[in-house]
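Trainee: Sharing a structure with you now.
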Amino acid sequence: MAQLIGIITGTGLGDALAEQMVDSQLQEVETPFGKTSADILVGKFGQRNIALLNRHGQGHELSPSEIPFAANIFALKELGVRAVITTGAVGSLREEIKPGELVIVDQFIDKTFRRQVSFFGDFGAVHCEMSEPACPRLRNILIETAQTINLKIHSKGTYVCMEGPQFSTHAESLMHRAWGGDLVGMTAMPEAKLAREAQICYVLIALASDYDCWRPHDEGQNSKTLLQEIVANLQKATDNSLELIKAVLRSNSELIYEQCTCRKSLDLAVWTDKSRIAPDEKKKLETLFE
Numbered sequence: 351m352a353q354l355i356g357i358i359t360g361t362g363l364g365d366a367l368a369e370q371m372v373d374s375q376l377q378e379v380e381t382p383f384g385k386t387s388a389d390i391l392v393g394k395f396g397q398r399n400i401a402l403l404n405r406h407g408q409g410h411e412l413s414p415s416e417i418p419f420a421a422n423i424f425a426l427k428e429l430g431v432r433a434v435i436t437t438g439a440v441g442s443l444r445e446e447i448k449p450g451e452l453v454i455v456d457q458f459i460d461k462t463f464r465r466q467v468s469f470f471g472d473f474g475a476v477h478c479e480m481s482e483p484a485c486p487r488l489r490n491i492l493i494e495t496a497q498t499i500n501l502k503i504h505s506k507g508t509y510v511c512m513e514g515p516q517f518s519t520h521a522e523s524l525m526h527r528a529w530g531g532d533l534v535g536m537t538a539m540p541e542a543k544l545a546r547e548a549q550i551c552y553v554l555i556a557l558a559s560d561y562d563c564w565r566p567h568d569e570g571q572n573s574k575t576l577l578q579e580i581v582a583n584l585q586k587a588t589d590n591s592l593e594l595i596k597a598v599l600r601s602n603s604e605l606i607y608e609q610c611t612c613r614k615s616l617d618l619a620v621w622t623d624k625s626r627i628a629p630d631e632k633k634k635l636e637t638l639f640e
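To convert, count from 1 in the sequence shown and add 350; that's my numbering.
In structure tokens:
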């Protein structure tokens, strides 16, 4: 099986990238965790084999709490994905992270509570190391590539993932800042955790659409004008993230590296005695151990 680079995006960026793929076809993948958000487009971009998945489904039909994160990650691993680059819109919690800018996220705070956070519920006790939840090696590749195309980015940032679908209250936004959060969004978790359990290198490009509500909007700005501004900021960030992803895919960087610690995350993670793990559970999840 060929090894692939996974790309998980929102609707606009995914459509733009799909138009530039060749020899592509949609793949429907059966998983033990149900259906994926959408069929996965597998093809080539330059010399890279990639698998492109729209996180929210066709027409952005899935809210964050409804995204089948476990099915998505499992299906990508089943297809041969060993490293994944993802994007996601966020609100900025810091003055220096301006709307329209990109952040290569290095840390997460998980506030979600309605989502499946592990593949191993019936398997046994499995504890993956998560001190560096975004692959440091992939992050460095994105940071270095951004420099080669003169693209301004923020090289690190802590992403607070909330359940949603409502946005933060003012008090919550201030709390997220006090915790050390730089960004707030609704889609990075448990995606990053599941990627680590699947032994997939994971990196997230965060797209700042606006300042979260800790910062008052300009006086006199009506809701229509504000929405237009947010859409314009998100489009700018989307265009820049597309250019970064294309530059990374065109580069000679070793995006898949079998000696990366992410690719060995299950080596010491299974604490349950192997003799006590049900054979059918071993069979069901064998893809994760590849």
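Where a beta carbon is used, it is the ideal one built from N, C-alpha and C, also for glycine.
Every value quoted in this text rests on a predicted model; they were computed, and no experiment measured them.
1. Kindly indicate which three-state DSSP category Leu594 falls into: helix, strand or coil?
2. Which first and last residues belong to the alpha helix (DSSP H) in which Gln497 is found?
3. So, helix, strand or coil for Ser461, using DSSP?
4. In chain order, which alpha helix (DSSP H) runs of at least 4 residues are fully inside the stretch 385–466?
5. Let me check one thing: in DSSP terms, what residues is Leu533 bridge-paired to?
6. Assuming contact is defined by CB atoms lying nearer than 8 Å, are Leu403 and Ile358 in contact in what I supplied?
7. What did DSSP end up calling Ala556 once you bin it into helix, strand or coil?
8. According to DSSP, is Asp365 helix, strand or coil?
9. Given 8 Å as the limit, is there contact between the stretch 594–609 and the stretch 618–636, that is, 3 or more CB pairs closer than that?
10. Would DSSP call Val581 helix, strand or coil?
11. Exposed or buried, what is Glu648 when buried is set at 16 or more other beta-carbons lying within 10 Å of its beta-carbon?
12. For Lys624, which option in Ile400, Arg464, Ile423, Phe473 has the closest C-alpha, if you only look at C-alpha atoms?
13. Do the stretch 521–532 and the stretch 467–484 touch if we need at least three Cβ pairs shorter than 8 Å?
14. Contact defined as beta carbons within less than 8 Å: I believe Arg432 pairs with Cys551. What is the distance between those atoms, to the nearest angstrom?
15. Under DSSP, the beta strand (DSSP E) around Ser603 begins and ends at which residues?
16. Report the three-state DSSP secondary structure of Cys612 (helix, strand or coil).
17. Of the choices Arg487, Ser518, Leu554, whose alpha-carbon is the least far from that of Gly507?
18. Any idea which residues DSSP pairs Gln377 with across the strands?
19. Looking only at its own chain, which residues have a Cβ that is under 7 Å from the Cβ of Met539, when we skip the five neighbours before and after it?
20. Can we say the stretch 405–419 touches the stretch 574–589, given the rule of at least three CB pairs closer than 8 Å?
21. Using the Cα positions of Ile390 and Ser374, report the straight-line distance between them to the nearest angstrom.
22. What is the rounded straight-line gap between the Cα of Cys485 and the Cα of Asn572?
23. Consult DSSP for His520 and reduce its assignment to one of helix, strand or coil.
Mentor: Reading it off the structure:
1. DSSP places Leu594 within a helical segment (H, G or I) once states are collapsed to three.
2. Its alpha helix (DSSP H) spans residues 486–498.
3. The residue you asked about is not Ser; residue 461 is Lys in the sequence shown. It is coil, neither helix nor strand.
4. With a minimum length of 4 residues, the continuous alpha helix (DSSP H) runs that stay inside the stretch 385–466 are 419–429.
5. The partner list for Leu533 (beta bridge, DSSP) reads Ser442, Tyr509.
6. Ile358 is positioned such that its CB atom lies closer than 8 Å to that of Leu403.
7. Strand.
8. DSSP places Asp365 in helix when its eight states are reduced to three.
9. By the Cβ criterion, the stretch 594–609 is not in contact with the stretch 618–636, since fewer than three pairs of Cβ atoms, one from each stretch, lie closer than 8 Å.
10. Note: Val581 maps to helix in three-state DSSP.
11. Residue 648 falls outside the range modelled here, since the chain spans only 351 to 640, and no answer is possible.
12. When each option's Cα is compared against that of Lys624, the closest is Phe473.
13. The stretch 521–532, when compared against the stretch 467–484, does not touch it at the 8 Å Cβ threshold.
14. Their Cβ separation, rounded to whole angstroms, is 7 Å, which keeps Arg432 and Cys551 in contact under 8 Å.
15. Segment: none, Ser603 is in no beta strand (DSSP E) and carries neither H nor E.
16. Looking at Cys612 - three-state DSSP - the assignment turns out to be helix.
17. In terms of Cα proximity to Gly507, the closest of Arg487, Ser518, Leu554 is Leu554.
18. According to DSSP, Gln377 bridges with Ile390.
19. For Met539, where only same-chain residues beyond five positions count, the Cβ hits under 7 Å are Phe458, Asp460, Thr462, Cys511.
20. With contact defined as three or more Cβ pairs closer than 8 Å, the stretch 405–419 and the stretch 574–589 are not in contact.
21. Approximately 10 Å between the Cα atoms of the pair.
22. Rounded to the nearest angstrom, the gap between the Cα atoms of Cys485 and Asn572 is 41 Å.
23. The answer is helix: DSSP assigns His520 an H, G or I state.
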